[in-house]
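Student: In my numbering, the protein residues as written are 122 to 431. Note that CB positions come from ideal geometry on N, CA and C, so glycine has one too. Computed from a prediction, not measured in an experiment: that's the story for all the values here.
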């Protein structure tokens, strides 16, 4: 029977898909029921005779990815920080990510099951099993790869707009605005050129309006951006407030340092350009030049050896 399954692509893919569903779906359902039972007991035991409110619906992806007893795990906390850096601020963003990863883990198996009979070559035995494992691994890693790519793109946007933000912050503080008022003003000014950075500044102003400490708000701002420059700025503002030094002078010195770092990064990219051009020159430019220079000599030699007159 095992040989029959290995020799039949349809039966092998069907078995792999059935095993994936048999392992994943019951575990998700059991964990979800266990979590709901614990939440119901906790809500029912707190508040005496308080009525249990209806649990809000978060969508089937969030329910699929929400497993466990509801307590945030270390992986969930790390993933929530990454989702915030990527621009997803919903509380259900990690659960939706887990749900998307579960779907992308199982969906390639069904696609392979449908596409295998239509391929010009036959997948049998270990080749089909290897293709199924590769599709499952690729589907599992694809959401993480896309998330990291989006984080890198947003960090680049933050890095491009951070020096302009510092220049505007120095100008606003030296003009007489408070630091909180300068943040609101800068968020309005950067709304069209750097919208993602403007949104982060707006969130920081909302945190301070809600009563959060300024140092904590700047620390959260630096963690959401994920830039070393933002962390240094938050630490410098905290030290300036503790030591009682002038914020305007501190921002002016830091702004000059930021401009110098931006110039150094530009010089670093310019110096790295010749090294990056070596491979394209060797692969594309040099062969073309070699053909152009050697072709007349090759044609002349062909004529000479063929006995024709020049």
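Look up residue 243 in the DSSP assignment and say whether it is helix, strand or coil.
Tutor: Here residue 243 sits in coil by DSSP.
Student: For the alpha helix (DSSP H) that contains residue 331, what are its first and last residues?
Tutor: Taken as a continuous stretch (DSSP letters only), residue 331 belongs to no alpha helix (DSSP H), as it is neither H nor E.
Student: Compute the beta-carbon to beta-carbon distance between residue 326 and residue 304, rounded to the nearest angstrom, for a pair I have assumed lies under 8 Å.
Tutor: Right, the Cβ-Cβ distance comes to about 5 Å (below 8 Å), so this counts as a contact.
Student: Quick one: complete alpha helix (DSSP H) runs, 4+ long, within the region 213-240?
Tutor: Counting whole runs of 4 or more residues, the region 213-240 contains the alpha helix (DSSP H) stretches 214-236.
Student: Do you know offhand how far residue 233's Cα is from residue 222's?
Tutor: The straight-line gap from Cα to Cα measures roughly 17 Å.
Student: Which ranges does the beta strand (DSSP E) cover as unbroken runs of at least 3 residues, wholly within the region 358-417, from first to last along the chain?
Tutor: With a minimum length of 3 residues, no continuous beta strand (DSSP E) run stays inside the region 358-417.
Student: Assuming the contact rule is C-beta atoms closer than 8 Å, residue 264 and residue 218 should be a hit. Round their C-beta distance to whole Å, please.
Tutor: Correct: roughly 6 Å between the Cβ atoms.
Student: Considering Cα atoms alone, identify which of 341, 351 and 366 is closest to residue 378.
Tutor: Measuring from the Cα of residue 378, the nearest candidate turns out to be 351.
Student: How would you write the range of the alpha helix (DSSP H) that residue 300 sits in, first residue to last?
Tutor: From DSSP, the alpha helix (DSSP H) with residue 300 extends over 300-310.
Student: Could you have a look at residue 256 and say whether DSSP puts it in helix, strand or coil?
Tutor: Reduced to three states, the DSSP call for residue 256 is helix.
Student: Just to confirm, is the Cβ distance from residue 229 to residue 258 under 7 Å?
Tutor: Cβ distance not < 7 Å, so residue 229 and residue 258 don't count as in contact.
Student: Could you give the residue range of the alpha helix (DSSP H) that holds residue 342?
Tutor: Note, residue 342: alpha helix (DSSP H), 335-346.
Student: Using three-state DSSP, classify residue 209 as helix, strand or coil.
Tutor: Coil.
Student: Do you know how far the Cα of residue 254 is from the Cα of residue 289?
Tutor: Straight-line Cα distance between these residues: approximately 53 Å.
Student: Skipping 5 residues on each side, what residues in its chain have a beta carbon closer than 7 Å to that of residue 310?
Tutor: Excluding residues within five positions, the ones whose Cβ falls inside 7 Å are 289.
Student: When burial is assigned at 16 or more other CB atoms within 10 Å of the CB, is residue 401 buried or exposed?
Tutor: Residue 401 is exposed by the Cβ-count criterion.
Student: Here's a check: name, in chain order, each residue in its chain whose Cβ is nearer than 8 Å to the Cβ of residue 272, leaving out the five neighbours to either side.
Tutor: Here the set comprises 203, 206, 207 and 347.
Student: Of the choices 329, 323 and 214, whose alpha-carbon is the least far from that of residue 268?
Tutor: Residue 268 has its Cα closest to that of 214, out of 329, 323 and 214.
Student: Look up residue 292 in the DSSP assignment and say whether it is helix, strand or coil.
Tutor: In the structure shown, residue 292 sits in a helix (DSSP, three-state: H, G or I).
Student: By DSSP, does residue 426 sit in helix, in strand, or in coil?
Tutor: Correct three-state label for residue 426: helix.
Student: For the region 329-339 and the region 358-365, state whether three or more C-beta atom pairs, one from each stretch, are separated by less than 8 Å.
Tutor: A contact exists between the region 329-339 and the region 358-365.
Student: Give the single residue among 287, 349 and 321 whose Cα lies nearest to the Cα of residue 342.
Tutor: Per the Cα distances, 321.
Student: Pull up the distance between the alpha-carbon of residue 307 and that of residue 286, whole angstroms please.
Tutor: If I take the Cα positions, the gap works out to 7 Å.
Student: Under a three-way DSSP split, which group does residue 201 fall into?
Tutor: Helix at residue 201.
Student: To the nearest angstrom, how far is it from the Cα of residue 275 to the Cα of residue 210?
Tutor: For residue 275 and residue 210, the distance between alpha carbons rounds to 14 Å.
Student: Is it buried or exposed for residue 294, if we count other Cβ within 10 angstroms and need 16 for buried?
Tutor: The residue in question, residue 294, is buried, as its Cβ has 16 or more Cβ neighbours within 10 Å.
Student: Could you tell me the alpha carbon to alpha carbon distance between residue 252 and residue 266, rounded to whole angstroms?
Tutor: One C-alpha to the other measures close to 20 Å.
Student: Residue 291: buried (16+ other C-beta within 10 angstroms of its C-beta) or exposed?
Tutor: So residue 291 counts as buried.
Student: For residue 355, count neighbouring C-beta atoms within 10 Å of its own C-beta (all shown protein chains included) and say buried if the count is 16 or more, exposed if not.
Tutor: Answer is buried; the Cβ neighbour count reaches 16.
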